[in-house]
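Reviewing the structure listed below.
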Amino acid sequence: MIDPKHIGALVSRHTVEVEAGRLRFFAKVTGQTDPRYVNVAAALRRGDPALPVPPTFLYCLDMDAPNPRALIELLDIDIGRVLHGEQSFTYHRIAYAGERLQFETRIADIYAKKNGALEFVVCDTHVSNVAAEPVADLRSTIAVRNT
Amino acid sequence: MPSRHYDEIAVGAELPPFTAPPLSRLTLALYAGASGDHNPIHVDIDFAKQAGMPDVFAHGMLSMAYLGRLLTNWVPQEAIRSFAVRFASITHVGDAITCRGTVVGKDDATRTLRIAVNTRNQAGEIKLSGEALVALDT
Chain A
293 MIDPKHIGAL
303 VSRHTVEVEA
313 GRLRFFAKVT
323 GQTDPRYVNV
333 AAALRRGDPA
343 LPVPPTFLYC
353 LDMDAPNPRA
363 LIELLDIDIG
373 RVLHGEQSFT
383 YHRIAYAGER
393 LQFETRIADI
403 YAKKNGALEF
413 VVCDTHVSNV
423 AAEPVADLRS
433 TIAVRNT
Chain B
350 MPSRHYDEIA
360 VGAELPPFTA
370 PPLSRLTLAL
380 YAGASGDHNP
390 IHVDIDFAKQ
400 AGMPDVFAHG
410 MLSMAYLGRL
420 LTNWVPQEAI
430 RSFAVRFASI
440 THVGDAITCR
450 GTVVGKDDAT
460 RTLRIAVNTR
470 NQAGEIKLSG
480 EALVALDT
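So the protein lines, in turn, are chains A and B. Residue numbering for the first sequence follows my numbering, beginning at 293 and increasing consecutively. Residue numbering for the second sequence follows my numbering, beginning at 350 and increasing consecutively.
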C-alpha cells in the first residue's frame, strides 16, 4: 500500500524554456496542421508573440523535470504497473515558445479501491512564469495495478 | 477558423469529428520523443510483456492531444478555460481513434459552453471521455 503520509509532499519543482522546435515536433506527431501551431509567421500574423503551447503540451513540459520519475521513486511504485487515470487542465492564459515556465508538483491525494487492487495518486501541478504569474493548473491521477 | 458567436450555438451542436490514422508503433515512438514521456510500457514490447501486458499501448495523452485539436479546430485556444478527461480504457496499437465533441450546456452569465468530448476506437469503444469549458466573448 502507498503510504498516505506523502499527501502534500513536493514531487518536483523546475523551470523549463519552451522550445519552438519541440512544439513543431509535437504538432507533427499529433497530426496538428493548423499553421498557428507550426508556422511562426502564421502565428505572428494572428497576433501571437511566438508559437503557442497547445492545450495538452504543458503536461509534457512537466515531464522535463530533472527527474521525471521523482513521483514513482518517492512512492516506490513499479512504473510497469502505472496507468494514467485522469488528467485536467485549468488555463489562465496561453504560454508561448521562448517563455521560461516554472512547474511545481505536489501530491494532492492517495487512496485505494477494490480492497487495494487499485491504488490512486493525485498530483497537482502549478505552472507560472518566472514572475510567478499563473499560467495553468494541472491535476493528474495515476492508477497503480496491484493485481 | 470561423469565429464562433455564443448566441448562435445551441446545446446539442456537434464539433466536426475526425478520425486519426490507425496508431502505429512508430507513432508511439515519435510521441514518446516529442512529449518527453519515456515510459517504456509504450515503446518496448519486452518491458510491456514483463509488466503483464500483451503488447505496448498508446499514451493516453496522445489521444488527449487529438481532443485538444478537436477543440482548437473549432474555437481559438484562448477560449478554452478548462479541459479534463478520464482515460476509460487502454488505446491499443492499430486503433483508429475518432474524436467527437458535443455542446452539452450553456451558461449565459459567463457566456461559457460546456463541451463533452470523447474518443472511440473503430469498434465504437469509448477510450477517453471528458469535458471542456469554452468561453466566447462574442
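Beta carbons: idealized from backbone N, C-alpha and C, even for Gly.
#1: Looking at the unbroken alpha helix (DSSP H) that takes in A:G313, where does it start and where does it end?
#2: For the putative contact between B:A378 and B:H387, defined by C-beta atoms under 8 Å, what is the C-beta separation to the nearest angstrom?
#3: Among A:V422, A:V419 and A:V413, which has the Cα closest to the Cα of A:I434?
#4: For A:A342, which of A:A387, A:S432 and A:A428 has the nearest alpha-carbon?
#5: Just grab the DSSP bridge partners of A:K406 for me.
#6: To the nearest angstrom, how far is the alpha carbon of A:Q394 from that of B:G401?
#7: Can you tell me the Cα-Cα spacing of A:Y383 and A:G372, whole angstroms?
#8: So B:K476 is in the beta strand (DSSP E); what residue range does that whole segment cover?
#9: Is B:Q471 close to chain A? Criterion is C-beta to C-beta, closer than 8 Å.
#10: Starting from A:A446, trace the alpha helix (DSSP H) both ways and give me its first and last residue.
#11: Just to make sure I have the definition right: I need the residues of chain B whose C-beta is within less than 8 Å of the C-beta of A:C352. Which are they?
#12: Closest to B:I390 by CA distance: which of B:G417, B:R418, B:T440 and B:P366 is it?
#13: Need the endpoints of the beta strand (DSSP E) that B:G409 sits in, please.
#14: Does B:R353 come within less than 8 Å of chain A when only Cβ atoms are used?
#15: Verify the CB distance criterion: does A:R314 have a CB-CB separation below 8 Å to chain B?
#16: What does the alpha-carbon distance come out to for the pair B:D494 and B:L462?
#17: What is the DSSP secondary structure of B:D395, counted as helix, strand or coil?
#18: List, in chain order, every chain A residue whose beta-carbon is nearer than 8 Å to that of B:T376.
#19: Going along the stretch 420 to 435 of chain B in order, which residues come within less than 8 Å of chain A, judged by CB to CB distance?
#20: Between the C-alpha atoms of A:A285 and B:A481, what's the straight-line distance to the nearest angstrom?
Reading it off the structure:
#1: A312 to V321
#2: Not a contact, Cβ separation roughly 10 Å.
#3: A:V413
#4: A:A387
#5: Answer is none; A:K406 lacks a bridge partner.
#6: 36 Å
#7: 31 Å
#8: I475 to A484
#9: no
#10: The structure shown does not extend to residue 446 of chain A, since chain A is modelled only from 293 to 439, so the question has no answer here.
#11: A383, S384, G385, D386 and M410
#12: B:T440
#13: Run containing B:G409: none in the beta strand (DSSP E); it sits in the alpha helix (DSSP H), G409 to T421.
#14: no
#15: yes
#16: Absent from the model: residue 494 of chain B. The displayed extent of chain B is 350 to 487, so no value can be given.
#17: helix
#18: V321
#19: L420, T421, N422, Q426, E427, I429, R430, S431, F432, A433, V434 and R435
#20: Residue 285 of chain A lies beyond the range of chain A shown here (293 to 439); nothing can be said about it.
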